[in-house]
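Student: In my numbering, the protein residues as written are 4 to 703.
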Amino acid sequence: MVNSTKTKKGTTKKNLVIVESPTKAQTIERYLGRNYRVVASKGHIRDLPKSKMGVDLEHNFKPEYISIRGKGPVIKDLKKEAAKAKQVYLASDPDREGEAIAWHVSHILGLKDTDKNRVVFNEITKDTVKEAFKSPRAIDMNLVDAQQARRVLDRVVGYSISPILWHKVKKGLSAGRVQSVALKLIIDRQKEIDNFIPEEYWSIEANFKKGAKTFIGDFYGIGGKKKKLSSDKDVKEVITKIDKKKKFDVSEVKKRQTKKNPYPAFTTSTLQQTANRKLNYHTKKTMMLAQQLYEGVNLGGKTGHAGLITYMRTDSVRVSPVAVSEAHQFITDQYGKEYVGSRVAKNSKKEKVQDAHEAIRPSSVARTPESLKSILSRDQLRLYTLIWNRFVASQMASAVYDTMNTTVEQNDVQFQVKGSKLIFPGFTKVYKDNETKSEGKLPDLKEGDQVDLSKLSPAQHFTQPPAKYTEASLVKALEENGVGRPSTFSPIIDTLQKRYYVKLTAKRFEPTDLGKIVNNIIEEFFPEIVDINFTANIETNLDNVEKGISDWVSVVDKFYQHFEPEVDNADQKIEKVEFKLELAGENCPECGAPLVYKMGRYGKFIACSRFPDCRYTKAVVKEIGMVCPVCKEGQVIEKHTKRNRLFYGCSRYPNCEFMSWDKPVPRNCPNCQHYLVEKKVKNTLQVVCPNGDYAEELQK
Numbered sequence: 004m005v006n007s008t009k010t011k012k013g014t015t016k017k018n019l020v021i022v023e024s025p026t027k028a029q030t031i032e033r034y035l036g037r038n039y040r041v042v043a044s045k046g047h048i049r050d051l052p053k054s055k056m057g058v059d060l061e062h063n064f065k066p067e068y069i070s071i072r073g074k075g076p077v078i079k080d081l082k083k084e085a086a087k088a089k090q091v092y093l094a095s096d097p098d099r100e101g102e103a104i105a106w107h108v109s110h111i112l113g114l115k116d117t118d119k120n121r122v123v124f125n126e127i128t129k130d131t132v133k134e135a136f137k138s139p140r141a142i143d144m145n146l147v148d149a150q151q152a153r154r155v156l157d158r159v160v161g162y163s164i165s166p167i168l169w170h171k172v173k174k175g176l177s178a179g180r181v182q183s184v185a186l187k188l189i190i191d192r193q194k195e196i197d198n199f200i201p202e203e204y205w206s207i208e209a210n211f212k213k214g215a216k217t218f219i220g221d222f223y224g225i226g227g228k229k230k231k232l233s234s235d236k237d238v239k240e241v242i243t244k245i246d247k248k249k250k251f252d253v254s255e256v257k258k259r260q261t262k263k264n265p266y267p268a269f270t271t272s273t274l275q276q277t278a279n280r281k282l283n284y285h286t287k288k289t290m291m292l293a294q295q296l297y298e299g300v301n302l303g304g305k306t307g308h309a310g311l312i313t314y315m316r317t318d319s320v321r322v323s324p325v326a327v328s329e330a331h332q333f334i335t336d337q338y339g340k341e342y343v344g345s346r347v348a349k350n351s352k353k354e355k356v357q358d359a360h361e362a363i364r365p366s367s368v369a370r371t372p373e374s375l376k377s378i379l380s381r382d383q384l385r386l387y388t389l390i391w392n393r394f395v396a397s398q399m400a401s402a403v404y405d406t407m408n409t410t411v412e413q414n415d416v417q418f419q420v421k422g423s424k425l426i427f428p429g430f431t432k433v434y435k436d437n438e439t440k441s442e443g444k445l446p447d448l449k450e451g452d453q454v455d456l457s458k459l460s461p462a463q464h465f466t467q468p469p470a471k472y473t474e475a476s477l478v479k480a481l482e483e484n485g486v487g488r489p490s491t492f493s494p495i496i497d498t499l500q501k502r503y504y505v506k507l508t509a510k511r512f513e514p515t516d517l518g519k520i521v522n523n524i525i526e527e528f529f530p531e532i533v534d535i536n537f538t539a540n541i542e543t544n545l546d547n548v549e550k551g552i553s554d555w556v557s558v559v560d561k562f563y564q565h566f567e568p569e570v571d572n573a574d575q576k577i578e579k580v581e582f583k584l585e586l587a588g589e590n591c592p593e594c595g596a597p598l599v600y601k602m603g604r605y606g607k608f609i610a611c612s613r614f615p616d617c618r619y620t621k622a623v624v625k626e627i628g629m630v631c632p633v634c635k636e637g638q639v640i641e642k643h644t645k646r647n648r649l650f651y652g653c654s655r656y657p658n659c660e661f662m663s664w665d666k667p668v669p670r671n672c673p674n675c676q677h678y679l680v681e682k683k684v685k686n687t688l689q690v691v692c693p694n695g696d697y698a699e700e701l702q703k
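#1: What residues match up with GLU460 in a beta bridge as DSSP calls it?
#2: So is PRO265 buried or exposed if we call it buried at 16+ other beta carbons inside 10 Å?
#3: Which whole-angstrom value is the C-beta distance of ILE496 and SER183, which I expect to be below 8 Å?
#4: Identify every residue that forms a DSSP beta bridge with HIS308.
#5: So, using beta-carbon positions, are VAL395 and ILE312 closer together than 8 Å?
#6: Report the residue from VAL570, ASP571, SER612 and VAL559 whose alpha carbon sits nearest the alpha carbon of LYS583.
#7: Please state the DSSP three-state secondary structure of MET629.
#8: I need the straight-line Cα distance from LYS682 to SER457, nearest angstrom please.
#9: Return the chain-ordered list of same chain residues with a C-beta closer than 6 Å to the C-beta of ASP415, the five sequence neighbours on each side being excluded.
#10: Check each candidate in GLN383, PRO592, LYS133 and ASP516 and name the one with the smallest Cα separation from GLY299.
#11: Would PHE251 and GLN413 be called neighbours here (beta carbons separated by less than 8 Å)?
#12: So, helix, strand or coil for ASN658, using DSSP?
#13: Near THR508, which residues of its chain fall below 7 Å by C-beta distance, leaving aside the five closest residues on each side in sequence?
#14: My output table needs one value for MET315: the three-state DSSP class, helix, strand or coil.
#15: Are the Cβ atoms of ILE31 and LEU93 separated by less than 8 Å?
#16: Tell me whether GLU255 sits in a helix, a strand or coil according to DSSP, three-state version.
#17: Here's a check: name, in chain order, each residue in its chain whose Cβ is nearer than 7 Å to the Cβ of LYS355, leaving out the five neighbours to either side.
#18: On the DSSP letters alone, give me the boundaries of the beta strand (DSSP E) that ALA141 sits inside.
#19: Secondary structure at THR388, three-state DSSP: helix, strand or coil?
#20: Classify LYS353 as buried or exposed, calling it buried when 16 or more other Cβ atoms lie within 10 Å of its own Cβ.
#21: By alpha-carbon positions, which one of MET399, ARG488 and VAL668 ends up nearest to LEU688?
#22: If you reduce the DSSP assignment to three classes, tell me which class HIS565 lands in.
#23: What does the alpha-carbon distance come out to for the pair ASP447 and LYS262?
#24: Take every Cβ of the stretch 583–600, pair it with every Cβ of the stretch 189–197, and state whether three or more of those distances are shorter than 8 Å.
#25: Output the boundary residues of the beta strand (DSSP E) element that contains PHE650.
#26: Would you decide whether PRO469 is buried or exposed? Buried here means 16 or more other CB atoms lie within 10 Å of its CB.
#27: VAL478 to HIS360, Cα distance in whole Å?
#28: ILE577 and LYS171: beta carbons closer than 8 Å?
#29: Decide if TRP106 is buried, meaning its Cβ has at least 16 other Cβ atoms within 10 Å, or exposed.
#30: If you drop the 5 nearest sequence neighbours on each side, which residues of the same chain put their C-beta closer than 8 Å to that of SER165?
#31: When you compare the CB positions of GLU102 and LEU146, do they come within less than 8 Å of one another, or not?
#32: State the Cα-Cα distance for the pair GLN357 and GLU542, rounded to the nearest angstrom.
#33: Give the C-beta separation of LYS212 and VAL454 to the nearest angstrom, bearing in mind that I take them to be a contact with Cβ-Cβ under 8 Å.
#34: I'd like to confirm the pairing. Which residues does DSSP put opposite LEU679 in its beta bridges?
#35: Apart from the five residues on each side of it in sequence, which residues of its chain come closer than 7 Å, Cβ to Cβ, to ALA326?
#36: Check whether the Cβ atoms of GLY310 and ARG33 sit closer than 8 Å, and answer yes or no.
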């Protein structure tokens with residue numbers, strides 16, 4: 004490391020380190036010691052102007068960067084600190100955006116791009132940070148250019164299409180290169196659901212008995228061939244072949260051992276998906292909490308402030324050898340040597356993985372969730388526990404099961420009996436998921452045995468339409484299609500809701516009428532923008548810029564050659580969308596004019612038809628036909644949060660503060676008399692008691 008020096012006056016010159024976050028600044032300054040001064044830029048300090056496009060379309064898409072409004076005092080302080088520093092180091096986050104921030108700070112301070120002043124680290128721990136300062140490098144302009152290309156592309160798209168939407172549809176709308184694809188995915192899924200025609204099918208479940216033991220089999224087929232049951236007639240044909248007084252023969256027994264491999268440590272997208280499914284966290288909340296865990300907390304004692312996880316924006320499952328070694332030792336000490344795994348996790352789609360950072364993992368496996376209970380907030384602890392469990396499990400041995408597949412038959416009618424038994428838990432000691440096998444009954448059967456039939460249970464079913472997107476499944480779809488990058492998923496989902504293009508109903512996305520109008524316009528006039536393959540190809544091109552294979556200007560120019568004529572065509576041919584005024588059926592209490600429904604940022608509201616001369620408005624109140632279970636006076640009504648999330652409250656608010664995220668049902672729990680709610684449990688809509696005392700499947 005560079006040593007501090009003394010000036011002629013005897014004062015000591017320190018090395019200046021510039022990071023993004025004030026929290027990180029305090030931690031890193033403690034790690035580096037008294038010869039270093041660490042300050043924060045508090046994010047970006049330069050960006051494109053908000054008042055105009057800020058990209059020179061005539062001269063190689065040159066961006067016009069300006070100091071961000073409100074950042075004047077920060078810039079002044081940075082210049083002041085840099086002027087008296089011996090050496091300036093730029094230690095913003097280790098990704099494209101962090102590299103761009105370092106470049107902008109370097110420009111503001113008048114530093115050279117070739118100076119070896121860029122320091123990066125994947126985790127905020129003392130050893131990692133001190134080691135990083137031993138080998139600073141120059142700013143990676145390939146990373147900067149990749150980020151610059153993305154920023155320019157998104158600005159060109161947004162500032163070209165959005166004004167058209169303002170003029171032709173309504174003010175306040177926006178379109179984005181990746182945002183529009185996400186919107187189309189949600190709308191296409193809704194179309195699939197709306198056009199879905201259910202098909203009837205049947206199943207037959209049989210209860211068998213061998214001695215005192217019972218087990219279940221499912222109808223397979225006739226004469227060794229699988230048979231599809233499409234109607235009640237098909238079922239009756241099968242049942243007439245069965246003699247209920249006659250025993251069934253065990254004709255085939257297949258036994259084998261199967262393994263369930265552990266999941267790899269989290270990437271950004273898998274963390275967002277799993278936190279949404281397991282913890283009910285929105286992607287925005289997950290990333291906010293992960294940032295807090297990365298920047299660290301004060302652990303007290305000799306440790307002091309420390310980062311708890313590695314960098315949370317990554318698409319790689321790679322783990323450092325040191326972390327693997329520490330995890331193996333921890334697993335050996337806690338569970339035994341036989342629980343240590345030997346598999347090395349690999350990304351399934353190498354061509355789409357940047358692999359700049361390792362997977363998300365605890366910075367020290369020794370910091371168990373239990374040891375942090377008194378330090379972390381409830382939400383922080385829940386996310387840390389998820390990350391810690393997943394990482395430890397990823398380094399453990401596979402779970403081993405004894406499985407059996409048995410055929411029992413009579414009169415050529417075959418039923419299949421399946422069972423499994425966990426014989427070695429492996430990673431499931433630490434981490435279980437919905438896809439992890441659970442232990443089932445393994446009846447003691449062998450070929451030649453005979454079993455009794457206790458009961459036949461035919462059941463009618465109908466094929467179900469594809470499920471609406473949740474935050475987790477939308478993130479998964481975006482990643483699988485190569486649309487956007489892990490760091491962009493959260494702001495994309497947030498923007499779609501803020502613009503009221505989609506709304507969350509029962510934790511699932513539904514497109515609004517406004518969203519459909521915007522999507523129709525973009526699909527017709529800007530087909531490439533919402534073409535998944537085209538958008539994924541742009542992401543590949545941006546990756547090539549990062550690798551130094553492509554030039555960022557040529558990537559933007561290639562896109563713009565197609566885009567420019569589409570903008571001109573759309574501006575000329577899109578007709579203004581006229582929203583028909585829908586009468587609300589009552590008059591304005593202030594001026595007597597008819598009230599009408601209007602579309603606002605958060606959906607429909609009621610306003611005076613004489614606007615802007617009369618500005619009376621009121622919210623649309625939708626009652627669900629139930630008296631408030633708390634005050635017994637008001638009506639339960641639908642409400643929306645600022646992020647347009649649906650919930651239920653009392654019409655007498657604030658006099659009554661009743662609220663529920665789940666839709667209340669106008670009857671009480673037969674066990675505890677608490678009001679019941681509708682809730683989706685494992686893809687089945689149920690009526691449940693919030694106290695957990697009662698549950699029933701909702702009849703359609």
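Using N, Cα and C, we set each Cβ at its ideal position, and we do this for glycine too.
No experiment lies behind these values; they were computed from the predicted model shown.
Tutor: Here's the rundown:
#1: Reading off the sequence, residue 460 comes out as Ser, not Glu. GLU208, per the DSSP bridge assignment.
#2: Of the other Cβ atoms in all chains shown, 16 or more fall within 10 Å of the Cβ of PRO265; this residue is therefore buried.
#3: With 8 Å as the limit, ILE496 and SER183 do not qualify as a contact, their Cβ atoms being about 13 Å apart.
#4: ASN301.
#5: Contact: no.
#6: Answer by Cα proximity: SER612.
#7: Residue state for MET629 is assigned as strand, using DSSP reduced to three classes.
#8: C-alpha separation (whole angstroms): 34 Å.
#9: Counting only Cβ-Cβ distances below 6 Å, and skipping sequence neighbours, we find ILE225 and GLY226.
#10: The residue from GLN383, PRO592, LYS133 and ASP516 with its alpha-carbon nearest to that of GLY299 is GLN383.
#11: Yes; because the gap between Cβ atoms is below 8 Å, this pair is in contact.
#12: Looking at ASN658 - three-state DSSP - the assignment turns out to be coil, as it is neither helix nor strand.
#13: For THR508, same chain residues with a beta-carbon under 7 Å away, outside a window of 5 residues either side, are LEU649 in chain order.
#14: Note: MET315 maps to coil in three-state DSSP.
#15: For the pair ILE31 and LEU93, the CB atoms are not nearer than the 8 Å cut-off.
#16: When secondary structure is reduced to three states using DSSP, GLU255 falls in the strand class.
#17: Residue placement at LYS355 is flagged as unreliable, the pLDDT there being 48, under the threshold of 50; a coordinate-derived value is accordingly withheld.
#18: Careful: ALA141 lies outside any beta strand (DSSP E) and carries neither H nor E.
#19: Note: THR388 maps to helix in three-state DSSP.
#20: Per-residue confidence for LYS353 stands at a pLDDT of 46, beneath the threshold of 50, marking its modelled position as unreliable; the derived number appears in the next sentence. For LYS353, the number of other beta carbons within 10 angstroms of its own is below 16, and it is reported as exposed.
#21: Checking every option, the nearest Cα to that of LEU688 belongs to VAL668.
#22: DSSP places HIS565 in helix when its eight states are reduced to three.
#23: One C-alpha to the other measures close to 21 Å.
#24: Segments in contact, no.
#25: PHE650 -> beta strand (DSSP E) spans 649–653.
#26: Counting of Cβ neighbours within 10 angstroms places PRO469 among the exposed residues, the total staying below 16.
#27: If you take the alpha carbons of VAL478 and HIS360, they lie about 20 Å apart.
#28: The beta carbons of ILE577 and LYS171 sit closer together than 8 Å.
#29: Flag for TRP106 reads buried.
#30: Contacts found: LEU176, SER177 and ALA178.
#31: Taking 8 Å as the Cβ cut-off, GLU102 and LEU146 qualify as a contacting pair.
#32: Residue placement at GLN357 is flagged as unreliable, the pLDDT there being 47, under the threshold of 50; the coordinate-derived value follows with that caveat. When rounded, the separation of the alpha-carbon atoms in GLN357 and GLU542 is 11 Å.
#33: Contact holds; Cβ gap of about 6 Å.
#34: In DSSP, LEU679 forms a bridge with VAL668.
#35: Counting only Cβ-Cβ distances below 7 Å, and skipping sequence neighbours, we find ARG364.
#36: For GLY310 and ARG33, no; Cβs fall outside 8 Å.
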